[in-house]
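Chemist: Numbering (this note's numbering), first residue to last: 7 to 351.
Beta carbons: idealized from backbone N, C-alpha and C, even for Gly.
Handing you a structure now.
Structure representation (structure tokens):
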């Protein structure tokens, strides 16, 4: 009799990114978990909350996918029932599809006023109904709710998401936001917080994997085509999820992964807080937190040319003009980063 534990994955291309990366999040997760886990993949690229709840054609976003209707909660019912863990990562495509329609509207302001609230409420209601259906199928499994990561900040030519965020700043929703980053932070909090606050005791055990506050949107290596996880980004997502699956968890809590988590496999620096009070980190705050880690890693990995020079005793001690940071300047830089992060809370 098999003693392997099982996880069912439901959602969109935040997990089902095989069309965009040679190694998908699913494959990374299987590698991270090893033979002690069975991973049942019920995800589908392009699926919205409505698709996850009611089904849709597999090829709706990627034409090369099978032209077959797939309803995860029906076709995957047995896998869900037998699971020890369930991962849900869905919602981003609800807004991607809305954005596509908005961009073709004759009067964008009017289209937004007439339709956005309905799209938002539908997404939130669908999400909660998916949870209720999962609990009806499996009353005991630990459900991991994976939040949507920020899209890549420097690749906005793909989907123009941050242009959309600038548009939102002209609406009542974003009139107090200083820039597109702050609007993106507020937008995701506006989308997810009402869901988390409505999770009842009957839906537990549930936890939040705060990928929004963990994956740096200013690090382009995390992404493919702005909104898809790259091989590197997918590996990080799998590492976060697998860690939660092998860590004692507390229902009702949100788990944020610090930058150190991704470079030191012997440590798991994680911030834990109640998900009923969830607020994602500002995109620039994540980048500022990651910057010292990147610098430290760069110092530990000298260029090949430096290594060769050192073999022949030709490498001179670096001065501040060649890239090293004197301790006084380093302290000043740290203080400046802390000041900036205080402004981004």
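In whole angstroms, what is the alpha-carbon distance linking residue 55 and residue 134?
Modeler: Counted from its first residue, the chain shown places residue 55 at position 49. Counted from its first residue, the chain shown places residue 134 at position 128. Between residue 55 and residue 134, the C-alpha separation is close to 10 Å.
Chemist: Can you list, in chain order, the residues of its chain whose CB lies under 7 Å from that of residue 238, leaving out five sequence neighbours each side?
Modeler: Start at 1 with the first residue of the chain shown, and residue 238 comes out as number 232. Result list for residue 238: 227 and 228, in chain order.
Chemist: Look up residue 4 in the DSSP assignment and say whether it is helix, strand or coil.
Modeler: Nothing about residue 4 can be reported from this structure: the residues present for the chain run from 7 to 351 only.
Chemist: Near residue 317, which residues of its chain fall below 6 Å by C-beta distance, leaving aside the five closest residues on each side in sequence?
Modeler: In the chain shown, counting from the first residue as 1, residue 317 sits at position 311. Confidence at residue 317 is low in this model, with a pLDDT of 46, below 50, so the placement of that residue should be treated as unreliable; the coordinate-derived value is given next. Closer than 6 Å at the Cβ level, and outside the excluded window around residue 317, lies no residue.
Chemist: Under the three-state reduction of DSSP, which class applies to residue 279: helix, strand or coil?
Modeler: Your numbering for residue 279 matches position 273 in the chain shown. Here residue 279 sits in strand by DSSP.
Chemist: How many angstroms separate the CA atom of residue 354 from the CA atom of residue 44?
Modeler: Since the first residue of the chain shown is 7 and the last is 351, residue 354 is not available in this structure.
Chemist: Hey, which unbroken runs of the alpha helix (DSSP H) at 4 residues or more fall wholly within the region 163-226?
Modeler: Segments of the alpha helix (DSSP H) lying fully in the region 163-226: 167-174 and 186-203.
Chemist: Let's test the definition: count the other Cβ atoms within 10 Å of the Cβ of residue 269 and tell me whether it reaches 16, buried, or not, exposed.
Modeler: Translated into positions along the chain shown, residue 269 becomes position 263. With fewer than 16 Cβ atoms within 10 Å of its Cβ, residue 269 is classed as exposed.
Chemist: Could you tell me whether the Cβ atoms of residue 213 and residue 250 are closer together than 9 Å?
Modeler: Mapped onto the chain shown, residue 213 falls at position 207. Mapped onto the chain shown, residue 250 falls at position 244. It is a contact, given that the beta carbons lie within the stated cut-off.
Chemist: Rounded to the nearest angstrom, how far is the Cβ of residue 263 from that of residue 202, given a contact under 8 Å?
Modeler: Your numbering for residue 263 matches position 257 in the chain shown. Your numbering for residue 202 matches position 196 in the chain shown. At roughly 18 Å, the Cβ-Cβ gap does not stay under 8 Å, so residue 263 and residue 202 are not in contact.
Chemist: So, with DSSP's three-state summary, where would you put residue 269?
Modeler: Working through the chain shown from its first residue, we reach residue 269 at position 263. In the structure shown, residue 269 sits in coil (DSSP, three-state: anything other than H, G, I, E or B).
Chemist: For the alpha helix (DSSP H) holding residue 74, just list the boundary residues, first then last.
Modeler: Counted from its first residue, the chain shown places residue 74 at position 68. From DSSP, residue 74 is part of no alpha helix (DSSP H); its letter is neither H nor E.
Chemist: Am I right that residue 143 and residue 86 are in contact with their C-beta atoms under 8 Å? What's the rounded C-beta distance?
Modeler: Counting from 1 along the chain shown, the entry for residue 143 is found at position 137. Counting from 1 along the chain shown, the entry for residue 86 is found at position 80. Correct: roughly 5 Å between the Cβ atoms.
Chemist: From the DSSP output, read off the bridge partner residues of residue 45.
Modeler: Stepping through the chain shown from its first residue, residue 45 is reached at position 39. DSSP output for residue 45 lists 13 as bridge partner(s).
Chemist: Only counting the same chain, and skipping five residues up and downstream in sequence, which positions put a Cβ closer than 6 Å to that of residue 148?
Modeler: To locate residue 148, count along the chain shown from 1; it is residue 142. Excluding residues within five positions, the ones whose Cβ falls inside 6 Å are 91 and 211.
Chemist: Might you give, ordered along the chain, the residues of its own chain that have their beta carbon closer than 6 Å to the beta carbon of residue 105, omitting 5 neighbours on each side?
Modeler: Here residue 105 refers to the residue found at position 99 of the chain shown. Result list for residue 105: 170, in chain order.
Chemist: Is residue 155 closer than 9 Å to residue 20 when the C-beta atoms are compared?
Modeler: Here residue 20 refers to the residue found at position 14 of the chain shown. Here residue 155 refers to the residue found at position 149 of the chain shown. Yes. Within cutoff.
Chemist: Helix or strand or just coil, what does DSSP make of residue 347?
Modeler: Here residue 347 refers to the residue found at position 341 of the chain shown. Its pLDDT being 46, under 50, residue 347 is placed unreliably by the model, and the measurement read from it follows with that caveat. Helix.
Chemist: Near residue 14, what residues of its chain come up, given a Cβ to Cβ distance below 7 Å and the 5 sequence neighbours on each side ignored?
Modeler: Residue mapping note: residue 14 aligns to position 8 of the chain shown, counting from 1. Excluding positions up to five away in sequence, the list reads 46, 48, 82, 85, 86, 89 and 92.
Chemist: What does the Cβ neighbour count give for residue 34, buried or exposed, with the cut at 16 atoms within 10 Å?
Modeler: By 1-based counting over the chain shown, the position of residue 34 is 28. Answer is buried; the Cβ neighbour count reaches 16.
Chemist: Please tell me whether residue 223 and residue 292 are closer than 9 Å, where the distance is taken between their beta carbons.
Modeler: As a first step, residue 223 is located in the chain shown; it is residue number 217 there, counting from the start. As a first step, residue 292 is located in the chain shown; it is residue number 286 there, counting from the start. Contact flag set, yes.
Chemist: State yes or no: is the beta carbon of residue 245 nearer than 9 Å to at least one beta carbon in chain D?
Modeler: The displayed structure is made up of one protein chain only, and chain D is not part of it.
Chemist: Which one of 207, 218 and 245 has the shortest CA to CA distance from residue 257?
Modeler: In the chain shown, counting from the first residue as 1, residue 257 sits at position 251. Of the candidates 207, 218 and 245, the one whose C-alpha sits nearest the C-alpha of residue 257 is 207.
Chemist: For residue 119, name the three-state secondary structure that DSSP assigns.
Modeler: Numbered from 1 along the chain shown, position 113 holds the residue referred to as residue 119. Of the three classes helix, strand and coil, the one that applies to residue 119 here is helix, per DSSP.
Chemist: Below 7 Å CB to CB, which residues in the same chain sit around residue 183 once its five sequence neighbours on both sides are set aside?
Modeler: Residue numbering aside, residue 183 sits at position 177 when the chain shown is read from its first letter. So the qualifying residues of the chain are 175, 189 and 192.
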